[in-house]
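Notes to accompany the following structure.
Number of protein chains: 2
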Amino acid sequence: MSLRYAILGFLSDWEASGYDIKKEFDDVMSISWHSHLSQIYPELSKLEKEELIQSRFVEQEGKPDKKIYTITETGKRELIQWLMTPTEPPKIKDVFLMQVFFSDRISFDEVLLKLNLYKKERQKRLEKMKGIIQERFKSIKERNVMNARIIMASAVLKRGLESEVQYIKWCDDTIQFVQSCQSLWDKKGNQSYEELAAVFDEYFKEASALVQNEEDKA
Amino acid sequence: MSLRYAILGFLSDWEASGYDIKKEFDDVMSISWHSHLSQIYPELSKLEKEELIQSRFVEQEGKPDKKIYTITETGKRELIQWLMTPTEPPKIKDVFLMQVFFSDRISFDEVLLKLNLYKKERQKRLEKMKGIIQERFKSIKERNVMNARIIMASAVLKRGLESEVQYIKWCDDTIQFVQSCQSLWDKKGNQSYEELAAVFDEYFKEASALVQNEEDKA
DNA sequence: TCCGTCATGTAACCTGTTACATGATTCG
DNA sequence: CGAATCATGTAACAGGTTACATGACGGA
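Set out below in structure tokens:
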């Protein structure tokens, strides 16, 4: 149900082909949404049938012809309607976190390897994101324009940037934490809580402070 | 493909019925995974057919009978195999962020309302999460046990806690940011970048510092 | 010559959600 | 007396991924 609004939202600002929309999904929009061409094309047809968008063919030289879509007044109304309906936070599905959850079943070295590898993947994505953001900012400064869309897009970009940085920080902290708990993998079976209480407290220190800050404000 | 491993992972530590698994998905596991009963039951049947798990009926008094599942050796091997395969960060799908992205189409007041409402939803979830974590910790301290599973589950819980707190903080910062940019909704159309450069820099100050820290370490 | 980009689509498959169906017990 | 909890499932539908199909152009 959200893909249609991603398309309508995008077309509320620029006219575009399915291929163009896909590129945007892989670029700036990638922080909030993505989709495959095989899903975008049928959705565009559906939206046109419902008269929320219109299309026209554009012939090109040296390139295949393209089908350019524009949003209709009905489409704009539908988009605004949706923008004003509240959203609930999405239920989490994080495969990596799930693997971490069950990582008592694999060796100590394997766990550390896993955390380090994933951290690298996140760093790669952070780099890509930084590239996207820098390009955007450069273009804004060069054209010296500012409008509400740029503001809101920037807010989304900031969120994307932060969440990558913070996930990486969690990886670092957790690598440290696991390293302090090696004994639990060596001698299989249980130890007492007290033996590791200090390590535990250290790991949760920052999180507790964050929660406390949150409570002080309220 | 991940649901099966969520089930295997859970059964690698405790035997349980489909109903029990669902409860865990709604509780501690909710930070990394969730599922509906209508998906869990067929998956359990499939896993049993593949001989990764086994079942037995348990009659209960005053309650319906239940079907208790236990993991097999083949199941354990399959789980470990999966735990050792690397995961890529999931592609983002955040409906709320998408709505924020297109919020130049709705009024200034509507945007602020939206951000505040969503912040409240996130706060609700944070409260629920804090409840889960506190209960867990109480039980750990009381039983005075510590093992690798507890360590890894704690790492996941920490991640869940942090990401909620940080999302809430982003809401706060963004509410402030948008408030400083009201003029962009009042006089429709474009302004120059320079007029709002200071506001922009302020909003991104912290994020830039985070990125810088990240780079200093590397 | 082969790969990447531009450009549009269909088909099969897998995953996930909502609705339906049943039925006992316990708590407010 | 009705709602929530315990307990297990099926069916229909919606959403998303992978594979397949076609074809021109430009650069390595």
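For the record, the sequence lines run as chains A and B.
According to UniProt numbering, the first sequence is numbered sequentially starting from 1.
According to UniProt numbering, the second sequence is numbered sequentially starting from 1.
Virtual Cβ for every residue (Gly too), placed ideally from N, Cα, C.
Remember, predicted model here, so these are calculated numbers, not experimental data.
(request) Have a look at B:A209 and A:S103 and give me their C-alpha separation to the nearest angstrom. (result) 33 Å
(message) With a threshold of 8 Å between beta carbons, is B:R125 in contact with chain A?
(response) yes
(request) Given a cut-off of 8 Å, decide if B:I71 and B:L11 are closer than it, judged by their beta-carbon atoms. (result) yes
(message) If we require 4 or more residues per run, which alpha helix (DSSP H) segments fall completely within the UniProt domain "Transcription regulator PadR C-terminal" (92-176) of chain B?
(response) 95-101, 108-143
(request) For B:E50, I'd like the list of residues in its chain whose CB is within less than 6 Å of its CB, leaving aside the five on either flank, ordered along the chain. (result) none
(message) Taking the beta carbon of A:K185 as the centre, do at least 16 other beta carbons fall within 10 Å, making it buried, or is it exposed?
(response) Going by the sequence as given, residue 185 of chain A is Trp instead of Lys. It is buried - the Cβ of A:W185 has at least 16 other Cβ atoms within 10 Å.
(message) Rounded to whole angstroms, what is the Cα-Cα separation between A:E48 and A:F57?
(response) 14 Å
(message) So A:S75 and A:I40 are supposed to be a Cβ contact under 8 Å. How far apart are they, rounded?
(response) Correcting the residue type first, residue 75 of chain A is Gly in the shown sequence and not Ser. In fact, because the Cβ distance is near 16 Å, the residues do not count as touching under 8 Å.
(message) Between B:N147 and chain A, is any beta-carbon pair separated by less than 8 Å?
(response) yes
(request) Kindly indicate which three-state DSSP category A:T74 falls into: helix, strand or coil? (result) helix
(request) Could you pull the start and end residues of the beta strand (DSSP E) that A:Q54 belongs to? (result) 53-58
(message) Could you give the first and the last residue of the continuous alpha helix (DSSP H) run that contains B:K46?
(response) 37-49
(request) Pull up the DSSP beta-bridge partners for B:A16, would you. (result) B:Y69
(request) For my contact list, B:M98 and A:S30 are in at a C-beta cut-off of 8 Å; report their separation, rounded to the angstrom. (result) That pair is no contact at about 11 Å.
(message) Suppose you measure from the CA of A:Q81 to the CA of A:I92; what does that come to, to the nearest Å?
(response) 26 Å
(request) Return helix, strand or coil for A:Q81, following the three-state DSSP convention. (result) helix
(request) Kindly indicate which three-state DSSP category B:Q191 falls into: helix, strand or coil? (result) strand
(request) Find the nearest neighbour of B:S163 within the set B:Q179, B:K188, B:R122, judged by alpha-carbon distance. (result) B:R122
(message) Can you check whether the C-beta of A:H34 is within less than 8 Å of a C-beta belonging to chain B?
(response) yes
(message) Please report the straight-line C-alpha distance between B:P86 and A:L117, rounded to a whole angstrom.
(response) 8 Å
(request) Would you mind telling me which residues of chain A sit closer than 7 Å to B:W185, beta carbon to beta carbon, in chain order? (result) A148
(message) So, for B:Y203: in the same chain, excluding its five sequence neighbours on each side, which residues have a beta-carbon less than 7 Å away from its beta-carbon?
(response) D173, F177
(message) Tell me which residues of the stretch 63-94 of chain A have at least one Cβ-Cβ distance to chain B shorter than 7 Å, keeping chain order.
(response) L79, I80, L83, M84, P86, T87, E88, P89, P90, K91, I92, K93, D94
(request) Anything in chain A within Cβ reach of B:K119, meaning under 7 Å, just list it in chain order. (result) The contacting residues do not exist; B:K119 stays about 10 Å from chain A at best.
(message) Against chain B, which members of the stretch 166-196 of chain A pass a CB distance test of less than 9 Å?
(response) Q166, Y167, I168, K169, W170, D172, D173, T174, F177, V178, C181, L184, W185, K188, G189, N190, Q191, S192, Y193, E194, E195, L196
(request) Give the DSSP-derived three-state secondary structure of B:M29 in the structure shown. (result) helix
(message) Suppose you measure from the CA of B:R159 to the CA of A:Y167; what does that come to, to the nearest Å?
(response) 8 Å
(request) Please decide whether A:I21 counts as near chain B, where near means a Cβ-Cβ distance under 8 Å. (result) no
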